[in-house]
Amino acid sequence: MSAEESHDIYSGCQTFEALKYALDFEKAIVQERILELVSKIINSDNPPTTNYVTPCINIPRRLTCLVNNPNLRIYGQLWRWTHTRKFYVERELTKFQPDRTCYSAIHGEICLNPLHYLKETRPTSNLVWYPPLHPWATIAYYEKTRKLETFQCFSPEIQVKCNTVSGRAVGCFSLDGIRNELRGDEVTNTRRQIGEGVSIYYENGQVFMQLLSDSDVYIESLYYNRVKNDRTHTLHSLQPFDLTSMKLMDDDRFHILLDKAVQEGAEAVYDLAKIFTIRVVFVEHWRTNTPVTNYNCWIEIRLCRQMKWIDNALRQMGAPYKLHY
Numbered sequence: 356m357s358a359e360e361s362h363d364i365y366s367g368c369q370t371f372e373a374l375k376y377a378l379d380f381e382k383a384i385v386q387e388r389i390l391e392l393v394s395k396i397i398n399s400d401n402p403p404t405t406n407y408v409t410p411c412i413n414i415p416r417r418l419t420c421l422v423n424n425p426n427l428r429i430y431g432q433l434w435r436w437t438h439t440r441k442f443y444v445e446r447e448l449t450k451f452q453p454d455r456t457c458y459s460a461i462h463g464e465i466c467l468n469p470l471h472y473l474k475e476t477r478p479t480s481n482l483v484w485y486p487p488l489h490p491w492a493t494i495a496y497y498e499k500t501r502k503l504e505t506f507q508c509f510s511p512e513i514q515v516k517c518n519t520v521s522g523r524a525v526g527c528f529s530l531d532g533i534r535n536e537l538r539g540d541e542v543t544n545t546r547r548q549i550g551e552g553v554s555i556y557y558e559n560g561q562v563f564m565q566l567l568s569d570s571d572v573y574i575e576s577l578y579y580n581r582v583k584n585d586r587t588h589t590l591h592s593l594q595p596f597d598l599t600s601m602k603l604m605d606d607d608r609f610h611i612l613l614d615k616a617v618q619e620g621a622e623a624v625y626d627l628a629k630i631f632t633i634r635v636v637f638v639e640h641w642r643t644n645t646p647v648t649n650y651n652c653w654i655e656i657r658l659c660r661q662m663k664w665i666d667n668a669l670r671q672m673g674a675p676y677k678l679h680y
């Protein structure tokens, strides 16, 4: 047996063990949640019946995850949506009965009765892609301190470029035709070097950036720094001919961060919104502690969907904040 074959078998065993551990862990969690629900039904003055006119099964809202409640998810899987592996309450469930303790209500308790919710169904097509009603991100283009144009991202992939060659078959934010009467020679020279620029794409709940240009780009991402345990304003670069991409957001990990912030209070939730603003400097070497407005060409990306989830969490907590995105 070759070394390569041995490595494949070893990797396969590791994968199997990891999968077995995950399944055993999930089974234990499900059993725990079933016992919790049974206890609440037994102790309820009006236990639920098999019809849709049923009482709420409430627990204090502070004990739940405001965005992805594992109790409600598991109960839903057991009694209503057996083939669902994972769903997020805020995105995929709508209230069925107009009760005051449903997930979307602002109240001290939350209902975990799966009969009180409907799972949203979305039509799918393998032939046609329908753009969303709201952008998943916005991209603002700056030259030094001057913001010249803002682009709304509806397509799942966006190319930000500055050349006369047509973009790829994706949404394209072309900087070519953007005019600036105050543009100097330094900015013009930097724009010439942007070329194919960068690709930003939203795929399976994750946001990535890939460099397409022949010149470097420098990135400030508070989310990336938090995941990597780097200092808050650490700068990272993508360099030409490097096939790796940079992950700017992972929805699953974000929900973990949001759950933790909710437990800490509204200030922590509001502060979390800062990680959804990503700044990118083209061509020039961006140095730490130097304001981004010192550089010739840069963009600011704001992740609108995640901002919306934070806004919803703050509203349900009764916080007086309003995010601008």
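Numbered by our numbering, the letters in the sequence shown go through residues 356 to 680 in order. The beta-carbon is built from N, C-alpha and C at its ideal position, and this holds for glycine as well.
A contact is defined here as three or more CB-CB pairs under 8 Å, and the region 524 to 535 fails this definition with respect to the region 562 to 574. I494 is a Cβ neighbour of I513, given a cutoff of 8 Å. For S600, the CB contacts under 7 Å within the same chain, skipping 5 residues up- and downstream, are F563, M564 and Q565 in chain order. When rounded, the separation of the alpha-carbon atoms in T643 and A621 is 30 Å. Taking C-beta atoms as the reference points, V636 and V572 count as a pair closer than 8 Å.
In the structure shown, A623 adopts helical secondary structure according to DSSP, grouped into three states. Taking the CA atoms as reference points, V542 sits about 35 Å from G560. For Q561, the enclosing beta strand (DSSP E) stretches over residues Q561 to L566. Collapsing the DSSP output to three states places C659 in a helix.
Rounded to the nearest whole angstrom, the CA to CA distance from V582 to Y557 is 18 Å. According to the DSSP assignment, Q507 belongs to the beta strand (DSSP E) that extends over R501 to C508.
Cα atoms of I549 and K629: separation of roughly 27 Å, rounded to the nearest angstrom. Cβ neighbours of N580 within its own chain (closer than 7 Å, five residues either side excluded): R586, T587 and T589. Under the three-state reduction of DSSP, S576 is assigned to strand. In this model, R670 and V617 are separated by some 12 Å (Cα to Cα). Annotated as proximal: L503 and N535, with beta-carbon spacing under 8 Å.
When DSSP states are grouped into helix, strand and coil, D569 belongs to the coil group.
Separation of the CB atoms of C652 and V638 is rounded to 7 Å, and the pair is thereby assigned contact status at 8 Å.
Contact check for I574 against L627 fails: the beta carbons are separated by 8 Å or more.
Assigned with DSSP and collapsed to three states, S529 falls in strand.
In the displayed model, E512 falls within a strand according to three-state DSSP. Contact between R657 and A492 holds: CB atoms are separated by about 6 Å, below the 8 Å threshold.
By a beta-carbon distance limit of 8 Å, S554 does not contact P595. Their separation comes to about 14 Å.
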